[in-house]
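Counting from 88, one number per residue, gives the positions in the sequence shown under my numbering. Beta carbons are placed, not taken as given, at the ideal position from N, Cα and C, and that holds for glycine. Report on one structure; see the data block that follows.
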Amino acid sequence: MQPWPQALNESEIDAVFTANTLHIMSQAMVNAFFNQIGKQISQDAALIIYGPFNYKGRYTSESNESFDQWLKENNPESGIRDIEWIETLVTEQGFKLQHDFAMPANNRLLHFSR
88 MQPWPQALNE
98 SEIDAVFTAN
108 TLHIMSQAMV
118 NAFFNQIGKQ
128 ISQDAALIIY
138 GPFNYKGRYT
148 SESNESFDQW
158 LKENNPESGI
168 RDIEWIETLV
178 TEQGFKLQHD
188 FAMPANNRLL
198 HFSR
């Protein structure tokens, strides 16, 4: 893993948006991502995450199940993440889920804030 880019001042970063990334990263990389976000962005920052998620270990659609199988065949460390695990990681960094929006193609848009 490469080092996280350092902001000159924590208050310079007031929002982070990531789309279609968590399911192609390893669990270790997802952990590192959230740990660094917690260190790098301001105390009143927003975190927006777009992509597919499972709820309580269950797929939200047959297409997401097929997509997850394809991901794991290509990289066993990847896969659709459970929203509960993501919420735990984000909560550890002081964020709280504000909105969980359904999006096209069985994706979600998650809005967290501190």
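Below 8 Å between beta carbons: does that hold for residue i and residue j?
i    : j    : result
I135 : L184 : no
G138 : T108 : yes
Contact check, residue i vs residue j under 8 Å by CB: the rounded distance?
i    : j    : result
H198 : A133 : 7 Å
N118 : L176 : 7 Å
I173 : F140 : 7 Å
D155 : G166 : 5 Å
N193 : S153 : Their Cβ separation, rounded to whole angstroms, is 11 Å, which puts N193 and S153 out of contact at 8 Å.
Rounding to the nearest angstrom, what Cα-Cα distance links residue i and residue j in this structure?
i    : j    : result
F220 : N161 : Beyond the ends of the chain as shown, which are 88 and 201, falls residue 220; an answer cannot be given.
F188 : D169 : 15 Å
S200 : D131 : 7 Å
Q. At what residue ranges does the stretch 117-189 contain a whole run of the beta strand (DSSP E), taking only runs of 3 or more?
A. 133-138
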